[in-house]
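For the sequence shown, this note's numbering gives the first residue as 454, with consecutive numbering after it.
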Amino acid sequence: MGGEQGRVISRTGDLSPFWRMGVPLAVLGASLLGLLVAFVFSLAAVSHGFEHALIAQQQAALVADIARDAETRNPEVLRQSLGAYRDLVAAEGRYLRPGDHTGQEREMRRASELAAMTAVPAERARLVTTVKAIAIDEAREVSAVRAELARVRRETVAFAALLAVVAMLTVVAGAISLARANRTLAIEVVARRAELDTVDRSRRLFFAKASHELRTPVTAIRVLAEVALESGGDAQGCLHDIVAQAGFLDHRIADMLSLAQAGEGRPSLVLVPGDLVGAIDAALAQAAAYARSIHVDFDWSPALAPAIVAFDQRWLAQAILTVIDNGLKYSGPGDRLQVVLTRDDGQARIAIADSGPGILPPDLPRIFDAYYQTEEGRARGGSGLGLALARWVLEQHGGAIHAENRAETEPGACGCRIVMTLPLLDTGSGTATAAA
């Protein structure tokens with residue numbers, strides 16, 4: 454019961470789709486961030502270039518104005534104009550590269566010298582010639598600054614376009630990733646829901662079957678008690694049957710409680726070395742009354758030598774009793790249920806064989822699953838829990854359990870054989886003997 458629920462709840466989703474889309478998204482996101490930073494720097498460069506171009510334009514315009522009427526302009530006005538030009542050259546310094554500051558200092562000295570020459574009439578001709586040469590240089594500088602500004606603008610536009618493309622790719626990739634993640638999640642949710650629905654149906658079926666199976670012996674006990682009361686004679690036979698039905702009822706309740714505890718991880722098994730004959734005898738003794746009530750005998754063949762294993766007396770006896778009860782369920786009046794204990798390759802082997810209809814091959818591996826029942830099992834009643842409990846107990850002992858049809862090894866034989874194996878102990882050392 455708990456095992457089925459655990460398998461449904463503990464299963465984790467497959468995260469590979471998230472990783473497959475997460476890496477490209479991370480790359481695109483990093484690219485987008487890098488382009489955004491580059492775009493910001495590019496905008497700053499455009500702004501810087503525009504301001505430089507504006508100052509260069511002002512310098513060129515001022516020098517051209519000075520050169521146009523330098524010969525006739527009032528010396529004081531000319532000196533003020535050259536001072537304004539010098540201030541513009543100084544302001545240009547924050548837009549220049551480190552290697553260009555030497556040229557700037559030279560231009561500032563030249564502007565200062567020209568301003569001083571305005572007071573000397575004899576220097577006016579040289580002043581005019583120098584100013585005209587400066588005007589030509591400033592015009593060239595304006596052209597160079599404009600070309601640089603145009604280049605930066607083109608780069609900025611390219612960055613903007615690339616940024617837009619990467620942003621669109623990121624959005625598309627994000628949408629695809631989200632769609633795939635949603636599809637994966639939807640598939641997983643549908644699968645989980647189907648599994649939970651299956652478990653829920655199995656549980657409902659279990660409670661219906663368990664109610665029927667528990668009600669049957671209770672009804673039989675009541676009927677037998679009423680017959681004993683009404684007969685007024687010797688009630689020994691009825692009492693024997695009542696004991697058998699009560700024992701059967703007790704076995705079923707023990708199966709359900711034990712499997713519930715096993716599924717919750719609560720039971721603690723104490724393994725003590727001992728002969729398996731004792732555990733099998735205890736199980737047969739508990740099943741004897743019910744076997745007599747349905748007129749089935751036991752054919753019990755113990756091993757020739759002691760089969761010493763480490764086992765928990767209560768739990769292993771319960772598992773063996775569960776398998777015996779399963780065999781009795783498929784046995785008819787007059788049948789004999791075979792119980793054989795052998796030693797083989799370091800393993801103790803308990804084989805319990807009935808004479809029933811056997812099990813269809815597709816059902817053989819599944820009869821030990823909780824809630825699972827074959828068509829024949831449903832017809833004969835049962836909860837589908839007993840063999841699941843037996844498998845759990847055997848696994849806790851380091852053993853195994855499997856089912857086979859007797860016809861596979863005994864031509865002409867009918868029925869099913871359930872085989873339980875446990876590791877034998879080396880009696881000299883008290884350790885388990887490994888199978889060859």
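Where is the CB? At the ideal position from N, CA and C, for every residue including glycine.
The region 745-794 contains, as complete beta strand (DSSP E) runs of 3+ residues, the segments 750-754, 761-764 (chain order).
Under the 8 Å Cβ criterion, the region 526-537 does not count as touching the region 626-635, having fewer than three qualifying pairs. L649 counts as exposed, since fewer than 16 other C-beta atoms from the protein chains shown sit within 10 angstroms of its C-beta. The beta-carbon distance between M873 and I803, rounded to whole angstroms, is 4 Å. This is short enough to meet the 8 Å contact definition. Inter-residue distance for F612 and A628 is about 24 Å (C-alpha atoms, whole angstroms).
Here E848 carries a helix assignment [DSSP, helix/strand/coil]. Selection L580, A523, L496, E504 evaluated against G546 yields E504 as nearest (Cα-Cα).
In the three-state reduction of the DSSP assignment, N527 falls in the coil class, being assigned neither a helical nor a strand state. The region 557-565 and the region 595-610 do not touch, with fewer than 3 CB-CB distances between them shorter than 8 Å. Closest in alpha carbon position to R562, among T583, R550, L549, L878, is T583.
Shortest Cα-Cα distance from N779 to any of A843, L580, D798 involves A843. Taking the Cα of D703 as reference, the smallest distance to any Cα among A513, P726, Q771, R645 is reached at Q771.
Taking C-alpha positions only, V793 is separated from A742 by approximately 20 Å.
Following the DSSP letters along the chain, one finds E857 inside the beta strand (DSSP E) bounded by residues 853-858. For A756, the closest C-alpha among the options T571, E861, A801, I519 is that of A801. Membership of G727 in the beta strand (DSSP E) is indicated by the continuous run 725-728. In the three-state DSSP reduction, A804 falls in the strand class (E or B). Here DSSP, grouped into helix, strand and coil, assigns I674 to helix. Shown here, P814 sits in a helix according to DSSP, grouped into three states. Our two residues, T795 and L774, have alpha carbons roughly 18 Å apart in a direct line.
Annotation: the continuous beta strand (DSSP E) that includes L875 extends over 869-876.
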